[in-house]
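Okay, so here's the structure we're looking at.
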Amino acid sequence: GAVVSQHPSWVICKSGTSVKIECRSLDFQATTMFWYRQFPKQSLMLMATSNEGSKATYEQGVEKDKFLINHASLTLSTLTVTSAHPEDSSFYICSARPYLDRLGTGELFFGEGSRLTVL
Amino acid sequence: AQKITQTQPGMFVQEKEAVTLDCTYDTSDPSYGLFWYKQPSSGEMIFLIYQGSYDQQNATEGRYSLNFQKARKSANLVISASQLGDSAMYFCAMREGSAGGTSYGKLTFGQGTILTVHP
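Quick mapping for you: the protein sequence lines, in order, are chains A and B. Quick note: the first sequence, position 96, residue 109 per my numbering, numbers continuous. Quick note: the second sequence, position 59, residue 250 per my numbering, numbers continuous.
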């Protein structure tokens, strides 16, 4: 199956620093990538939709200056949490939609997730 | 309005028995897809099964089957012969719209159901 790699899988940082999370599709081209945030035992909440070569589309209530998303190539999207604070501590997970949707289902392939802890 | 509703925060089942996880959805889009994902404690999202809105038959994948009742807007997941390894959080998700849009593949998730399988 298609593989999406997310790095780092966990990160601890000090308050006020910035953290970058990478999401790579390893064996397919991803026109669109999605970034989700998940608090413990809660649902996945969509933060933004990232299309290659264009600005990300953020969901209502998500600060675009706080969560910088870049989709520089068809295989890489990055999420940068700027000036992180303890309330930004969460599980961030990306998903990628293949350029060729062979099954016609719109299925997404998910990364392993990144657990961010801000001290 | 909630688009995807999972009313069971937690479910318990005895090993080797079947269990049904409930999911109802709300959409006015005639074209949509319904997914079920399993999320173990490690955090990865594991795709289980897909049902398209135009599919005439209920989807099945091994021990997983989807009880799709379109008129009632429900898409319950049935797991037969439960195993200890099935203990995890389960999410129902919906993808609206047809292929071609830049946000095609965007998923809305339900609140999740924590399934515990007892030996």
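Just so you know, even glycine gets a beta-carbon here, dropped at the ideal spot from N, CA and C. It should be emphasised that the depicted structure is a prediction, and the values quoted were computed from it without experimental measurement.
Close beta carbons around residue i, own chain, < 8 Å, minus the five adjacent residues each side
i: residue 256 of chain B; result: 240, 249, 250, 268, 269 and 271
Proximal residues to residue i (C-beta, below 7 Å), its chain only, five neighbours per side dropped
i: residue 52 of chain A; result: 103
i: residue 277 of chain B; result: 270, 306 and 308
Outcome for residue i when other beta-carbon atoms lying within 10 angstroms are tallied against a minimum of 16
i: residue 97 of chain A; result: buried
i: residue 112 of chain A; result: exposed
i: residue 287 of chain B; result: buried
i: residue 76 of chain A; result: exposed
i: residue 299 of chain B; result: buried
i: residue 25 of chain A; result: exposed
i: residue 263 of chain B; result: exposed
i: residue 29 of chain A; result: exposed
6 Å Cβ shell around residue i - same chain, five flanking residues per side excluded
i: residue 198 of chain B; result: 213
i: residue 280 of chain B; result: 230, 303 and 305
i: residue 201 of chain B; result: 305
i: residue 56 of chain A; result: none
i: residue 23 of chain A; result: 128
i: residue 236 of chain B; result: 228 and 230
DSSP bridge partner residues for residue i (one or two, in chain order)
i: residue 128 of chain A; result: A:23 and A:104
i: residue 43 of chain A; result: A:111
i: residue 218 of chain B; result: According to DSSP, residue 218 of chain B bridges with nothing at all.
i: residue 269 of chain B; result: B:211 and B:256
i: residue 236 of chain B; result: Residue 236 of chain B pairs with nothing; no bridge assigned.
i: residue 52 of chain A; result: None, per the DSSP bridge assignment.
i: residue 84 of chain A; result: Partner(s): none; residue 84 of chain A has no beta bridge.
Short CB-CB distance (under 7 Å) between residue i and chain E
i: residue 203 of chain B; result: The structure shown contains no chain E; its protein chains are A and B.
* Contact the stretch 36-45 of chain A vs the stretch 67-79 of chain A: 3+ CB pairs below 8 Å -> Two segments are said to touch when three or more pairs of C-beta atoms, one from each, lie closer than 8 Å; by this definition the stretch 36-45 of chain A does not touch the stretch 67-79 of chain A.
* To do: Could you run through the stretch 234-253 of chain B and flag, in chain order, every residue whose CB is less than 7 Å away from some CB of chain A?
  => Residues 234, 235, 236, 238, 241 and 243.
* Any residues in the stretch 53-65 of chain A with a beta carbon nearer than 9 Å to a beta carbon of chain B? Which ones, in chain order? -> Going along the stretch 53-65 of chain A in chain order, one finds 54, 55, 56, 57, 58, 59, 62 and 64 with a Cβ nearer than 9 Å to chain B.
* Give, in chain order, every residue of the stretch 82-110 of chain A whose Cβ lies closer than 9 Å to some Cβ of chain B. => Listed in chain order, the positions of the stretch 82-110 of chain A with a beta carbon within less than 9 Å of a beta carbon of chain B are 104, 106, 108, 109 and 110.
* To do: Check whether the stretch 85-92 of chain A touches the stretch 40-49 of chain A, taking contact to mean three or more Cβ pairs, one atom from each stretch, closer than 8 Å.
  => Output reads yes: the stretch 40-49 of chain A touches the stretch 85-92 of chain A.
* To do: Return the residues of the stretch 258-270 of chain B that lie within a Cβ-Cβ distance of less than 8 Å from chain A, sorted by chain order.
  => For the stretch 258-270 of chain B, which is checked against every Cβ of chain A, not one residue is closer than 8 Å.
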